[in-house]
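Note sheet for the following structure.
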Amino acid sequence: MTSLSLQLQKLGEQNIAPASKFASLLYDSTTAPSLDIDFVYNGARNGLFELVKLDPRFDSFHHNLFDPKTKHSTSADRMLMTQAENQKLTETIEKFLNLCAPYILLKSTHKALEYLVRKYRIHIFEVDCLMLTILPYHEHPLFVKFMHIMKFSGKWAFLKPVKSFNKPLARSELVRLVTPSSSFSSASDRAVDQSWILSWYTSGLEQLLSKTNKELTTHVNFWAILVTSLIPSIQKNPVL
Numbered sequence: 140m141t142s143l144s145l146q147l148q149k150l151g152e153q154n155i156a157p158a159s160k161f162a163s164l165l166y167d168s169t170t171a172p173s174l175d176i177d178f179v180y181n182g183a184r185n186g187l188f189e190l191v192k193l194d195p196r197f198d199s200f201h202h203n204l205f206d207p208k209t210k211h212s213t214s215a216d217r218m219l220m221t222q223a224e225n226q227k228l229t230e231t232i233e234k235f236l237n238l239c240a241p242y243i244l245l246k247s248t249h250k251a252l253e254y255l256v257r258k259y260r261i262h263i264f265e266v267d268c269l270m271l272t273i274l275p276y277h278e279h280p281l282f283v284k285f286m287h288i289m290k291f292s293g294k295w296a297f298l299k300p301v302k303s304f305n306k307p308l309a310r311s312e313l314v315r316l317v318t319p320s321s322s323f324s325s326a327s328d329r330a331v332d333q334s335w336i337l338s339w340y341t342s343g344l345e346q347l348l349s350k351t352n353k354e355l356t357t358h359v360n361f362w363a364i365l366v367t368s369l370i371p372s373i374q375k376n377p378v379l
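Note that the sequence shown ends on residue 379 in our numbering; no numbers are left out.
So, in structure tokens, the structure goes:
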């Protein structure tokens, strides 16, 4: 079963908390519910226009993710979509997120992501790609906002404690969390192991590099430094 299939099955077996409908990167829990989809969409469209000025490749998303026809359409409801429809949407969202990677700290990007969170619930359905995009900025205040709305399970479960930190995550703390011997690691949370740590380099970094972005210096440096920092632990507890 694919990762998306598992997510859909899990969400289908439980009621999604009402608060998750108004998860927000830009607004607090009191303000977010008072803002309708039109307000969020207009901000996103303005943000997208600004991003197009930086990279013309963003223009294509006017015709799918940010198409005004889908703004109020229930056909874009993730829980009502077929698996094939969800997979197609995920592929489009991942293309957008990969293109956003070098611009993730810009306000224009935040406006666009705010709409994707509200409309497509990317913090639930596109966790893998979203984390690959934002994790290199773990020492930035924006990371805290993402942590508050993300839904972690499986391989990302080791980040659950970070949600309560309410502050950017220092590099040393991140390394401690992903180290297999971390006190936060437990079998019930499917804690990070050495094989997955190594896969970060082979899949995480390579996935980003394959998107033809030439501006991914931050991401390249992050993955290289993180894996290097974890080598002592991997050598001490080899599994491969």
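The beta carbon of each residue, even a glycine, is placed where N, CA and C say it ideally should be.
What you are looking at is a predicted structure, and each value in this text was computed from that prediction instead of being measured.
query, result
"Am I right that Glu265 and Val179 are in contact with their C-beta atoms under 8 Å? What's the rounded C-beta distance?", "Wrong, their Cβ atoms sit about 17 Å apart, outside the cutoff."
"In terms of residue numbering, what span does the alpha helix (DSSP H) encompassing Tyr254 cover?", "Lys246 to Tyr259"
"For Lys210, which of helix, strand or coil comes out of DSSP?", "coil"
"Could you check if Val359 is buried or exposed, using at least 16 other CB atoms within 10 Å of its CB as the buried criterion?", "exposed"
"Within 10 angstroms of its Cβ, does Ile364 collect 16 or more other Cβ (buried), or is it exposed?", "exposed"
"Is Leu298 closer than 8 Å to Thr272 when the C-beta atoms are compared?", "no"
"Tell me which same chain residues have a C-beta within less than 6 Å of the C-beta of Val191, skipping the five on either side of it?", "Phe197 and Asp198"
"Given 8 Å as the limit, is there contact between the stretch 211 to 219 and the stretch 256 to 265, that is, 3 or more CB pairs closer than that?", "yes"
"What is the rounded straight-line gap between the Cα of Asn203 and the Cα of Ala240?", "19 Å"
"Give the single residue among Val283, Glu230, Leu245 and Lys290 whose Cα lies nearest to the Cα of Asp167.", "Val283"
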